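*Asks:* In this note's numbering, the protein residues as written are 1134 to 1413. Okay, handing you the structure first.
Quick look at the structure:
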């Protein structure tokens, strides 16, 4: 199972590439609608006792969907509620006659992304709806969302990127019931339209040239034929790894690392003044 921070980072990176508040709201709306549809399908699976498309010798089966519009904090949502032949399915997250979802974006969509455990999510939904939801239902929902993350991570990419930044960020995640710092390695590309595009995210215990060689090979397998400039840190062997996959790429040290490296040649008495000038 993926870490809870992956979904949050995905939302943050996508929102950061948008140009207006309306774009961000549209993304939130689409994410909420997708989450609700996924959750309702998981509820039906929990109700029937077997997954969709699986043949089961049981009297009650799926019977299509009913579409309806509900109002939420991010606007009107067109949701699709699954039906069963027996008519006994009573959805919990969005009940049959419910027309308003208050605070669903804050209370549900990002619960998993914010690092809540299954038990905490169940308690939060109980607080919001005053109903009981099983832990197995929450697990099914999060597992289904994992499929979306996997599809995003493996999506086809453009053939050429003028610039690709290869670096990492450190985030706090929940692991083994503890909050720890974890490095997430990123490939951030600038496409031919001049827009930033997050190409992928990877977790690894150790950063090294061999690891980045694997990342670059993955990008190549996903359709990236050429990188003009690769902007990296000063990791030993990094340029060789890049040129192994993209022999024509120009490797450039990123500005932050160039500044840090240049400070090694500044006398101690002048470091503060030089650093202030560089920041200005």
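For each residue, glycine too, the CB sits at the ideal point set by N, CA and C. If you're wondering where the values come from, they're calculated on a predicted model, not measured in any experiment.
Starting from residue 1201, follow its DSSP beta bridges and name the residues at the other end.
*Replies:* DSSP, once it has assigned bridges, lists 1212 as partnering residue 1201.
*Asks:* Give me the Cα-Cα distance between residue 1253 and residue 1275, rounded to the nearest whole angstrom.
*Replies:* Rounded to whole angstroms, residue 1253 to residue 1275 spans 13 Å at the Cα level.
*Asks:* Leaving out the 5 sequence neighbours to the left and right, which residues in its chain are closer than 7 Å to residue 1251 when beta-carbon positions are compared?
*Replies:* Around residue 1251: 1268, 1271, 1272.
*Asks:* At 4 residues or longer, and completely inside the stretch 1321-1397: list those alpha helix (DSSP H) runs for me, N to C.
*Replies:* Segments of the alpha helix (DSSP H) lying fully in the stretch 1321-1397: 1342-1354, 1371-1378, 1388-1395.
*Asks:* Tell me whether the beta-carbon of residue 1320 lies closer than 8 Å to the beta-carbon of residue 1352.
*Replies:* Yes; because the gap between Cβ atoms is below 8 Å, this pair is in contact.
*Asks:* Are the stretch 1283-1300 and the stretch 1352-1366 touching by the rule of at least three beta carbon pairs closer than 8 Å?
*Replies:* Result yes; three or more Cβ-Cβ pairs closer than 8 Å.
*Asks:* Within a Cβ cutoff of 6 Å, which residues of the same chain sit near residue 1180, ignoring the five residues on either side of it in sequence?
*Replies:* Excluding positions up to five away in sequence, the list reads 1222.
*Asks:* Taking DSSP's pairing of strands, which residues face residue 1195 in a bridge?
*Replies:* Residue 1195 is bridged to 1217.
*Asks:* Please classify residue 1312 as buried or exposed, where buried requires at least 16 other C-beta atoms within 10 Å of its C-beta.
*Replies:* Answer is exposed; the Cβ neighbour count stays below 16.
*Asks:* Whose CA, out of 1211, 1369, 1340, 1363, lies closest to the CA of residue 1385?
*Replies:* If we check each option's Cα against that of residue 1385, 1363 comes out closest.
*Asks:* Label residue 1166 either buried or exposed according to how many other C-beta atoms from any shown protein chain fall within 10 Å of its C-beta, with 16 as the threshold for buried.
*Replies:* Flag for residue 1166 reads buried.
*Asks:* Does residue 1407 come out as helix, strand or coil in the three-state DSSP assignment?
*Replies:* In this structure, residue 1407 counts as helix in the three-state DSSP scheme.
*Asks:* Helix, strand or coil for residue 1273? Go by DSSP, reduced to three states.
*Replies:* Helix.
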